[in-house]
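Protein chains in written order, with the working numbering: chain C, 807 to 1100; chain E, 2 to 258. Glycine residues also receive a C-beta, built at the ideal position from the N, C-alpha and C atoms. Fair warning: this is a prediction, and the values are worked out from it, not measured in the lab. Worksheet: one structure, shown below.
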Amino acid sequence: MQPDINLETDLSVSGGTETSGAGRIQSDGKAMLSVRNLKKVYQTDGGHVEAVRNLTFDLRAGELACLVGPSGSGKTTLLKCISGLMAPTEGEVLLDGAKVTGPPKKMAVVFQEYGRSLFPWMRVRENVELPLKNQGMAKGERDQLVDEALEAVGLSHVPQSYPWQLSGGMQQRVAIARAVAYQPEVLLMDEPFAAVDAQTRADLEDLIRTVWKKLGVTVLFVTHDIDESVYLGERVIILSSSPTIVQEDLVIDLPAERDQLNTRALPRFTELRHHVYEQIQLAKTGHRPAAAAR
Amino acid sequence: MRIIKGILYALALPTLLVLLWWASTLGTKSFFVPTPGTLVATFAETWLGDRMRTDVMPSILRLFVGVSAAIIIGIVAGLLIGSVKWLRALTEPVLEFFRAVPPPVLVPVLMLLMGISDAMKVVVIISGCIWPVLLNTIEGVRAIDGVLSDSAHTYGISGWARVRYLVLPSAGPQILAGVRQCLSIGLILMVISEMFASSSGLGFTIVQFQRSFAVPEMWSGIVILGLIGVAMSFIFQFTERRILRWYHGLREVENAA
């Protein structure tokens, strides 16, 4: 549609990117989360399905990275492998240097399907409290964490409601509060706002930025929404189409203070958005980074 | 006000039916159909005396023990079989076989094996009541939502905590549907287990009345069985509403959407 602009953005963002088929690696050993040569092949009745071919990237402690990719690029598979819900076929995931073999204690996951990730038989407060109770945390400490978490997501007024009595956006807030109260070091989010309406979505995006800054937690945010990835992330990891590798690892050099109106109006935002969009389009047509063409 | 209205609704049809019955027995003198007045008098005189202690209470006690045991065994076994894949593959054909055997045919066999005892009667009740609870629990456990299960897993909820906070509540609606069937089967089997060879109990007494042409007494026995059924149903509904409040609320919200 706008070939001249695309050319321009291509030039302007080429400085901070990695296009070798792998993402950025922390060479100083300070990676909070490391994904190394991860491969996942499903055995199905119809034969093998290679969902993820070879993924390598690191997340620094306290980083907020977004993972975008065309649909069917194995985003959810990757997240399941990282969260220890699924074993990779090859490669490994390291959390703070330790290999992930099952769901690690330092990790929390927020799923897209808020209606199916909260316990419908428990009230909001009980839902947030359950993981802590299960750890055997003392009541006083538990109450404080739950109060703080509910306060942080703006739901202090509904602790006695059941999740299904709340709107979709509020339910997802409960799921976020549950993750926050759990005090994870890494927070994984699997397209958490894909099923909420646009206005709620903007609020929730800002909520994630706020929570992230306040807690200093490492966040890996999976999304298919290009705008969202650029607006939220300090970094965007673009996946190729299936079989999946890292198409590009892009630094988002937008100011740290972001807001829905001004940040999205910045020329730099538009440039980055164009660039990511273009890469996704390339990925869809099967273009792969030169170094990974093997 | 709502409670009064509810009671009026609940009593309206029974009252009408009794009135109809009364009107149709006016002026007739059928040996086999007593008038409401006769039946009430016979009921009081037959059941409110010694028989309450010697027949009614033992029957209810056996029913209670049998049904409770069936529910507990059914849920525990169902949780196990539903959670362990190989156990399910191993037991499924056998369960289908035993479920297909009508429990009344077991009564003579159990009599021979266990003697004519309370234990035999309780076993007959269990052998018929357990299946809906067991099979529904297995299905309920299998139908746990994948996302919910993943959520629990990522938060380290496993073992007994998983059963308590995830599996049991999630399978709750199906388990209770099984319990509802279990209760009505239990009442039937209670009577049948007492009809074959027994010296006490409601089933035994009603058969005695039939054989001695004590027609109003026999009818009064049938009435008491019906009343026990109604009481069980009320207790069940009350309990079910408390346990599954979340489920009914969720369904209402889903249906409204």
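* From E:F197, E:T138, E:L111 and E:A153, residue whose alpha carbon lies closest to that of L169 of chain E -> Position 168 of the second sequence, counted from the start, is the residue given in the question as residue 169 of chain E. Ranking the options by Cα distance to L169 of chain E, first place goes to E:T138.
* Asked: What number of angstroms, rounded off, separates the C-alpha of I82 of chain E from the C-alpha of F1027 of chain C?
  -> The sequence position of residue 82 of chain E within the second sequence is 81, counting from 1. The sequence position of residue 1027 of chain C within the first sequence is 221, counting from 1. So the two alpha carbons sit approximately 38 Å from each other.
* **Residue range of the unbroken alpha helix (DSSP H) whose run includes F99 of chain E** => One-based indexing of the second sequence puts residue 99 of chain E at position 98. Residues K86 to A101.
* Candidates C:L993, C:I1051, C:E947 and C:Q971: closest to V254 of chain E by CA position -> Numbered from its first residue, the second sequence carries residue 254 of chain E at position 253. The candidate whose alpha carbon is nearest that of V254 of chain E is C:Q971.
* T883 of chain C, buried or exposed, once every other Cβ within 10 Å from all chains shown has been counted against 16 -> Translated into positions along the first sequence, residue 883 of chain C becomes position 77. Classification of T883 of chain C: buried, given that the 10 Å Cβ count is 16 or more.
* To do: Below 8 Å on the Cβ atoms is my guess for L135 of chain E versus A78 of chain E; work out the distance and round it to an integer in Å.
  => Residue mapping note: residue 135 of chain E aligns to position 134 of the second sequence, counting from 1. Residue mapping note: residue 78 of chain E aligns to position 77 of the second sequence, counting from 1. The pair is a contact, with the Cβ atoms about 6 Å apart (cut-off 8 Å).
* Asked: If we count the other Cβ atoms within 10 Å of its Cβ and call it buried at 16 or more, is T43 of chain E buried or exposed?
  -> Along the second sequence, read from residue 1 onward, the residue named residue 43 of chain E stands at position 42. By the 10 Å Cβ count, T43 of chain E comes out buried.
* Asked: If you compare alpha carbons, which of C:D864, C:Y1037, C:V1052 and C:E869 is closest to P1061 of chain C?
  -> In the first sequence, residue 1061 of chain C corresponds to position 255, counting from 1. Answer by Cα proximity: C:Y1037.
* Asked: In angstroms, rounded to a whole number, what distance separates the CA positions of K911 of chain C and G890 of chain C?
  -> In the first sequence, residue 911 of chain C corresponds to position 105, counting from 1. In the first sequence, residue 890 of chain C corresponds to position 84, counting from 1. Answer to the nearest angstrom: the Cα atoms are 10 Å apart.
* Asked: Does the beta-carbon distance from T47 of chain E to G222 of chain E come in below 9 Å?
  -> Here residue 47 of chain E refers to the residue found at position 46 of the second sequence. Here residue 222 of chain E refers to the residue found at position 221 of the second sequence. Going by C-beta atoms, T47 of chain E is nearer than 9 Å to G222 of chain E.
* **S889 of chain C: contacting residues in chain E (beta-carbon distance under 7 Å)** => Taking the first residue of the first sequence as position 1, residue 889 of chain C is located at position 83. In chain order: T155.
* What does a CB cutoff of less than 8 Å around A985 of chain C pick up in its chain, not counting 5 residues either side in sequence? -> Along the first sequence, read from residue 1 onward, the residue named residue 985 of chain C stands at position 179. These residues qualify, in order along the chain: A914, V915, V916 and L993.
* For R243 of chain E, count neighbouring Cβ atoms within 10 angstroms of its own Cβ and tell me buried if that reaches 16, exposed if not. => Numbered from its first residue, the second sequence carries residue 243 of chain E at position 242. By the 10 Å Cβ count, R243 of chain E comes out exposed.
* chain E within 9 Å of V914 of chain C, Cβ atoms only -> One-based indexing of the first sequence puts residue 914 of chain C at position 108. Note on residue identity: the sequence assigns Ala, not Val, to residue 914 of chain C. Interface residue, yes.
* Asked: Hey, is the stretch 860 to 871 of chain C in contact with the stretch 831 to 843 of chain C, meaning 3+ C-beta pairs nearer than 8 Å?
  -> yes
* Asked: What three-state label does DSSP hand R1064 of chain C in the structure shown?
  -> Here residue 1064 of chain C is taken as the residue at index 258 of the first sequence, counted from 1. DSSP places R1064 of chain C in coil when its eight states are reduced to three.
* Considering only C-alpha positions, which residue in the set C:R1015, C:V899 and C:D1033 is nearest to V959 of chain C? -> As a first step, residue 959 of chain C must be located in the first sequence, where it is residue number 153. Considering only alpha carbons, the answer is C:R1015.
* **Cβ-heavy atom distance, P94 of chain E to the ligand SAM, below 8 Å** => By its list of ligands, the structure shown contains no ligand whatsoever, and the ligand SAM lies outside what it can speak to.
* Asked: Hey, how far is the Cα of L1067 of chain C from the Cα of Q989 of chain C?
  -> Indexing the first sequence from 1 puts residue 1067 of chain C at position 261. Indexing the first sequence from 1 puts residue 989 of chain C at position 183. When rounded, the distance between both Cα atoms is 31 Å.
* Asked: By Cβ distance, which residues of its chain are closer than 6 Å to I117 of chain E, with the 5 residues on each side in sequence left out?
  -> Here the question's residue 117 of chain E lines up with position 116 in the second sequence. So the list reads A198, once near-sequence residues are dropped.
* Report the neighbours of D146 of chain E on chain C: residues whose CB is nearer than 8 Å to its CB, in chain order. => Looking up residue 146 of chain E in the second sequence gives position 145. In chain order: R922.
* To do: Less than 8 Å between the CB atoms is what I'm expecting for V858 of chain C and G878 of chain C, so what's the real figure, rounded?
  => Translated into positions along the first sequence, residue 858 of chain C becomes position 52. Translated into positions along the first sequence, residue 878 of chain C becomes position 72. 11 Å between Cβ atoms; not a contact.
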